[in-house]
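Structure record follows, encoded as structure tokens.
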Amino acid sequence: RKRAPRRRQESSNVAATDNYEWTTYYEYKSAQRSCQRRELYVSFKDLGWEDWIIAPDGYSAFYCYGECAFPLNARMNASNHAIVQTLVNLMKPDSVPKPCCVPTKLSAIQVLYYDKNSNVILKKYRNMIVKACGCH
Amino acid sequence: GFYSDNGVDQTIMYRSMPKQERNEMQQEILSLLGLHHRPNPASHAANLTSYSAPRYMIDLYETLTGDEEDVNLETVKRRYLPQPRERGELAQDYTFLTSSYFVQDADMIMSFVNQVKHEYPLRHDRDRIFRFDMSEVPLGETVLGAELRIYKNSSLDGHIENNITVNVYQLVPGIDPEDRQLVLADSYTVSHDHAGWLTFNVTQATQDWTSDAFANYGFYIQAICGHKSLEMHEASLVTRYGPEGKLPFMVAFFAAAAQSQSHVR
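From first to last, the protein sequence lines stand for chains A and B. Residues 1 to 136, numbered by our numbering, are exactly what the first sequence covers, in order. Residues 137 to 401, numbered by our numbering, are exactly what the second sequence covers, in order.
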């Protein structure tokens, strides 16, 4: 908003570019707000657990973040119900909340560690990594 | 601390955690991992990776995590299932282990090291008896399979030229509390010059001991050549003492109880 008026005075070409930039910027900001997967790395090493966890050093857990606001597009991996709920939310925002941005696909990690008897355990933990997020 | 991308492809710490909060978060993650407290392995645990059991487990971990999306079962079988012997070759009592097939189904794979130190007065028995502490196995875990692995060197004893049969017995209580009875768990016949890991199916014993830890009296190993019973060193079996990478150990495959996957906190 600050930059746009100043640039419009320069030339019409710049204004056209500016509009394009604005659209792109708006889309960029909108995409940033929309439901998406974000990076979250859990470091066993930083926790100081390397004396008993043999592998891995840590893992990418990821998390889901963003808004599930109207209109839900394909990128948001929305369920049919979520789309209906978004419409109802538009009409009755106080009584019906927006759908939630949540993990829709999760996967496991395997952790190799020592117990107190120096036995080695390889354990699979399900649902620890977010593979995909969506509006549900 | 908490780290984040600063927008120019750099990771920076934006918040450092106070000690109290750090402890609470550690406790949260430990709880998620199904542990009540942080395990405190022996101080030399980091140096144990050259030992047979940790080495085997690291190898297994690397195989399983090599292709995160879809572990190739054939690779696992090729690496961990005993290779089929040729026709007519020593397989009288030996049944192929199926534990390798459990690798994908297992939620927990646990290795155990031999705990027999000096609890048996006779040195003779100490070499023949193996005991594995299973008290750390969480309640409710289902045993899918278990195997005992003993390394056999090629026999250099000129007197032994025949095949050697190695019997693994589960020790069970007898009528008298002091008595022990032997129940055959598995048996394997090999050529005297065979060198490599002998893998015995001990699933039944593991099931018994995980359900009743007090019934765990260990295994009794017997090596026979013809009608003669051999000492472990005569049969070239590595027992309590030997190279780190050839010490005997046990591996058990468990499936988690459904309710332990998550719990309300």
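By construction, the Cβ of each residue, glycine as well, lies at the ideal position given by its N, Cα and C atoms.
Inter-residue spacing [alpha-carbon to alpha-carbon] between residue i and residue j
i             : j             : result
residue 290/B : residue 365/B : 18 angstroms
residue 360/B : residue 132/A : 58 angstroms
residue 99/A  : residue 127/A : 21 angstroms
residue 341/B : residue 321/B : 7 angstroms
residue 194/B : residue 171/B : 21 angstroms
residue 240/B : residue 286/B : 24 angstroms
residue 242/B : residue 169/B : 16 angstroms
residue 151/B : residue 140/B : 9 angstroms
residue 134/A : residue 201/B : 27 angstroms
residue 392/B : residue 185/B : 26 angstroms
residue 113/A : residue 174/B : 11 angstroms
residue 381/B : residue 137/B : 39 angstroms
residue 79/A  : residue 136/A : 6 angstroms
residue 308/B : residue 384/B : 21 angstroms
residue 303/B : residue 46/A  : 47 angstroms
residue 154/B : residue 160/B : 10 angstroms
residue 73/A  : residue 58/A  : 34 angstroms
residue 65/A  : residue 124/A : 26 angstroms
residue 282/B : residue 388/B : 4 angstroms
residue 370/B : residue 363/B : 14 angstroms
residue 70/A  : residue 104/A : 19 angstroms
residue 53/A  : residue 43/A  : 11 angstroms
residue 146/B : residue 115/A : 36 angstroms
residue 247/B : residue 144/B : 45 angstroms
Check whether residue i and residue j have beta carbons under 8 angstroms apart
i             : j             : result
residue 82/A  : residue 130/A : no
residue 386/B : residue 284/B : yes
residue 355/B : residue 280/B : no
residue 189/B : residue 249/B : yes
residue 277/B : residue 335/B : no
residue 85/A  : residue 96/A  : yes
residue 197/B : residue 55/A  : yes
residue 326/B : residue 288/B : yes
residue 349/B : residue 271/B : yes
residue 63/A  : residue 40/A  : yes
residue 158/B : residue 252/B : no
residue 117/A : residue 269/B : yes
residue 358/B : residue 324/B : no
is_contact[residue i, chain A] using C-beta, thresh 8 angstroms
i             : result
residue 150/B : no
residue 233/B : Only weak support exists for where residue 233/B lies, its pLDDT of 46 falling under 50; the value from the coordinates is given anyway. Not closer than 8 angstroms to any Cβ of chain A, the Cβ of residue 233/B fails to qualify, so no.
residue 321/B : no
residue 146/B : no
residue 193/B : yes
residue 351/B : no
residue 244/B : yes
residue 154/B : no
residue 280/B : no
residue 184/B : yes
residue 313/B : no
Cβ of residue i within 8 angstroms of any chain B Cβ
i             : result
residue 118/A : yes
residue 57/A  : no
residue 106/A : no
residue 47/A  : yes
residue 113/A : yes
residue 54/A  : yes
residue 78/A  : no
residue 65/A  : no
Strand pairing of residue i, partner residues [DSSP]
i             : result
residue 386/B : 248/B and 284/B
residue 38/A  : 63/A
residue 313/B : Partner(s): none; residue 313/B has no beta bridge.
residue 299/B : 327/B
residue 96/A  : In DSSP, residue 96/A forms no bridge with anything.
residue 334/B : 286/B
residue 343/B : In DSSP, residue 343/B forms no bridge with anything.
residue 391/B : 278/B
residue 360/B : 301/B and 365/B
residue 141/B : 147/B
Contact list for residue i against chain A, beta-carbon separation under 9 angstroms
i             : result
residue 247/B : 119, 120, 121 and 122
Within chain A, the residues that residue i reaches when beta carbons sit closer than 7 angstroms
i             : result
residue 176/B : 116
residue 162/B : 47
Amino acids of chain B, ordered along the chain, whose beta-carbon sits closer than 8 angstroms to that of residue i
i             : result
residue 110/A : 197, 200 and 201
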